[in-house]
Every structure is written in C-alpha cells, then in structure tokens.
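Let me begin by presenting the structure, written as structure tokens, before commenting on it.
2 protein chains.
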Amino acid sequence: MDNVDKKLISILMEDGRKSLSEIGRSIVKGGMSHVAVSKRLDKLVKGKDNEKPLVKISAGVNLERMGMKILFMALETESFEVTDKILKKYKDCPRMLMIAPVTGRYNLFAVMIAEDTFSLESILGTCSIRTEEGVRRSETWFGNSPAYPEYMPVNLSPDKKHKATCARTCADCRRYASGKCVGCPTSTVYKGTIYASRATEQKRGGQRKG
Amino acid sequence: MDNVDKKLISILMEDGRKSLSEIGRSIVKGGMSHVAVSKRLDKLVKGKDNEKPLVKISAGVNLERMGMKILFMALETESFEVTDKILKKYKDCPRMLMIAPVTGRYNLFAVMIAEDTFSLESILGTCSIRTEEGVRRSETWFGNSPAYPEYMPVNLSPDKKHKATCARTCADCRRYASGKCVGCPTSTVYKGTIYASRATEQKRGGQRKG
DNA sequence: CTGAAAAGGTTTCTGAGTGTAACTGTTATC
DNA sequence: GATAACAGTTACACTCAGAAACCTTTTCAG
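Protein chains in written order, with the working numbering: chain C, 38 to 247; chain F, 38 to 247.
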C-alpha cells in the first residue's frame, strides 16, 4: 500500500461512488488511466485469498438527522470466554455501533444506539449486554449523536426471519407492552420508524410495472 | 424514508459501488428501473438545500489488518465551552475515530487510534485531549482493533500543508526525538507507514505516460 | 368532490464509464 | 544479464447512468 493507494482511499472516503475515470484524473499529477485505478481498487477491495480485504466501500447513515441517541458502555466480564461469547452474540445486533475488548478498569467496551431515550433505557436495563451472565459490573454514559463521525454504518433493514441475536422476545417484555420501548428491529413486533417496519411502508404514488 | 430506501441503504452497506441497475434487480420483487434507484439515491446522498444528507457512501479501512491500536478516553471538562473547543479542535484529527459529548460520570468520550502502543502512549501522555486546559480528569482504556465494525473511516492521506489541528509540533517533542513516537500524520516529519509518508512512496515498476 | 401538484415509477435514448486483452517500460531477484 | 513480477498504457466492446418525456396514484387546497 503506497501513497497512491492512500490517496485513492482518501478520495473514496469523500465520495465512494466517484467514477474510476474521474478518480484517475485527480489521483496523480497528469492523471492516471481508469484501468490502473480499477486494478488498484480491486486489490484493496477484494484482497488476497483467505485474507480480509483492506478496504470496504459502504453506505453510512447520519445519526443526528435520524435523531439517534447513543450509549457508551464499559463492562467487566469474568473471563475471556464470557467476552468472546458476548462479542459473537452482539456484533450483528443492528443497534451495535462499536464493540471492542480493552484493558484497564474494564475489559469490554460497547457503543450502542436507540431511537429515543426510553428505548435506550430498555436496552440498558432489560435486554442488553449489561444483564448478561458473567458480567460483573458496568458503567454507562448517555449522549446524543456523536460530533464525529457524522456517518456510521447502521443496518436499517435487518433480517426479520431469524431470532434476535440477543435471544430475547419483545412480545413478552413489560417495557415493550407498556409502550416504553419500540422493541427490537429484528423482531416483527418492532414499532419504531428508524429501522424498517410496517410503519414505514411505501404509501405515496408510483407507477407499477405494466 | 420508506422501507425501499432502507433496503437500498442496506444493499449499499454491503457494496457501496454496486451498479444502480443491479440494485434495481434486487431491491424489490419484480425489479425496479435504474432510473428510480438513481432518483432515490440522489435524494438520500444529496439531501435538501441547507440540510445535511442522510446518507454518505464512503471507503472504510480494516483496522485489524492495519495493525491499529485503539484508545477509549472518558473525560470530564470544566464547561460546555471547553467541550466545544475540544470538539472543534480534534474532530479533524486523522487519529480520531469517534468523539461524542455524553452525560454521566464523564461528559466527553473519544476513541482514537495509533500505529503502535508507543505512539498510543504519546497520544495519551503528551499531545492529546487529556492534557488540554479545562480537562479536570480522565480515564482511558487500551485495546486492539475493535471486533465490530471491521471497517472504519480513516483518512490515510491527510493534508500536510496546514498545521496539526492539535497545534503541537513533533519536531520539538522529546518522545518523537527519542524514537518512541512516529509523530503526527499531518506533519511532514511523520515517520510511520500507516498514513501517507515518504516511507510509503511508490518504488516498484510502472510505465509512465508517453 | 374535484382538479392541480407532488411523488414515485416507467421507457427510450445517448454519452460516459468500465472490464478485457494485448502491450510497454521499470524494478527486483536469482 | 535473463526473467518474472509489477505498474501502467491504449484500444475496443459492452454496460451503466443521466436526461427527457410520459404514466399512475396519492395528497391537498379550494
């Protein structure tokens, strides 16, 4: 990975859909052919066999405009096994923004998001990592959307075919029943409007095929 | 933003450069024309006048493959003014991964990255937020790259024309002089290989124009 | 309740963008 | 010094994507 690759990544950070030809025009003095840009990008995005690619081009969502609330969690787990189990279980949760093992007064850090502060409370008190077996203690901090980055990957259309990764059922939850929590976006009973749901089905006009 | 938009974002999260035609084929049953997909994407990515766009398509870098180390920082500042000043000053730092005001035992949270643990120590002890005026106390946690997300936006080719956002000069720093810190990626004296530098200039063969 | 405007979609057309193949010039290696 | 690997080029055929014109449904003001 040389400076040209780094410049390429830098350009694609600004606009991930910029055309190869246009990138070629601005990546080096005098320009570079779209074929050369394509070859470089392919190597970065596809990687070698049995290796994770170095780069991924992906859509991010503006958390502030979505009105998302954020939750920082520091946790102490009993063992590596517990940490591993939690990592596996929660990394596909559509509310997870970041999860990382650390060293210090705690050994696991997680950043999660929710539609509103009520749902955030539910995540915290009822259906989340903090209440997992093997978690000794935890500390949390609330916030509005972060100042940086403005855009984060959030799966707004999670698969509803499978059970929630946290293995909990909103339908049986008192918080959900009392209307204090919009529920899990992976469940069919989800009531919010941020993630895909019945509430956000298409309504306005549009010509159907034919 | 309806469920089709959410599906669109979801598809672009997997591959931000997928062609509009291909997206059209998979976004709804029976398919959708590339023109319709384009109109939707335009609205999401460009937004209305005077409004931040909802979506940004961007390149992310695999932190683990880059061997990045991570630093979680919780800080207590004296006032909103101090917090604001720090946010403005540090949000463009190429080592910043996330920075967010919070409520709780601390009122500011930051996640930063470094090439190695020595440089991480420098960030912590010498040239970073923790040592800013108006910061009462802080707590930090070290870690390797996060389990999720695998890809994060990191500006590998930061502008070297301007002064470092933190307004410090590596050339005068003892840590830098003694070889314990690779220095700031925005400076011309940067010695690391992760961000763009003289050490990562192109060397191998290549046909030049003509 | 009615008609215009807005929203969302379609088809068609055309220039711009992209993948493949063949080839050229450097650099590293044995 | 020959050779392989690497990084880039041009040429060409095919695909993609923006523009324009038009269709259908929904919303909303009067």
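Built from N, CA and C at the ideal position, the CB exists for glycine as well.
In terms of CA proximity to L145 of chain C, C:V119 leads the group C:G162, C:S156 and C:V119. Going by DSSP, G162 of chain F is part of no beta strand (DSSP E) but of the alpha helix (DSSP H) stretching over T154 to G162.
Residue pairing by DSSP places R174 of chain C opposite C:E113 in a beta bridge. Using a Cβ-Cβ cut-off of 8 Å, N40 of chain C counts as an interface residue toward chain F, since at least one Cβ of chain F sits closer than that to its own. T140 of chain F is bridged by DSSP to C:F179.
The beta carbon of S156 of chain C sits no closer than 8 Å to any beta carbon of chain F.
Residue environment analysis places S95 of chain F among the buried positions, since at least 16 neighbouring C-beta atoms fall within 10 angstroms of its C-beta. Between L134 of chain C and M189 of chain C a beta carbon distance of about 6 Å is seen, short of the 8 Å cut, so the two are scored as contacting. In this structure S75 of chain C is in contact with L57 of chain C, their Cβ atoms being roughly 5 Å apart against a cut-off of 8 Å.
At a cut-off of 8 Å between beta carbons, F109 of chain C contacts chain F. From the listed residues F:F109, F:P131 and F:S224, the smallest Cα separation to K198 of chain F is found for F:S224. Under DSSP, I107 of chain C shares a beta bridge with C:I150 and C:G180. Closer than 8 Å to the CB of M133 of chain C there is at least one CB belonging to chain F. C-alpha of Q244 of chain F to C-alpha of S70 of chain C: approximately 11 Å in a straight line. Taking 8 Å as the cut-off, the beta carbon of N181 of chain C is found closer than this to the beta carbon of K106 of chain C.
With a threshold of 8 Å between beta carbons, M50 of chain C makes contact with chain F. Interface flag for F146 of chain F against chain C is set, since a Cβ pair is found closer than 8 Å.
Under the three-state reduction of DSSP, Y185 of chain F is assigned to strand. In this structure, M110 of chain C places its C-beta atom within 8 Å of the C-beta atom of S175 of chain C. Taking the Cα positions, E170 of chain F is about 27 Å away from V191 of chain F. For A137 of chain F, same chain residues with a beta-carbon under 7 Å away, outside a window of 5 residues either side, are F146 in chain order. Using a Cβ distance threshold of 8 Å, G61 of chain F and G68 of chain F count as a contacting pair.
Interface residue (Cβ-Cβ distance to chain C less than 8 Å): G53 of chain F is classified as such. Beta-bridge partners assigned by DSSP to I94 of chain F: C:A96. From the beta-carbon of L193 of chain F, the residues of chain C found nearer than 7 Å are K43, I46 and S47.
By the neighbour-count definition (other C-beta atoms within 10 Å, threshold 16), D42 of chain C is a buried residue.
For the options F:K93, F:V98, F:G84 and F:C207, the alpha carbon positioned closest to that of K83 of chain C is the one of F:V98. 8 Å or more divides the Cβ of R102 of chain C from the Cβ of K44 of chain F.
Residue contact with chain F for F179 of chain C: present (Cβ-Cβ distance below 8 Å to some residue of chain F). Those residues of the stretch 66 to 79 of chain F placed with their C-beta closer than 7 Å to a C-beta in chain C are G67, ordered along the chain.
At a Cβ-Cβ threshold of 8 Å, T237 of chain F and D39 of chain C count as neighbours.
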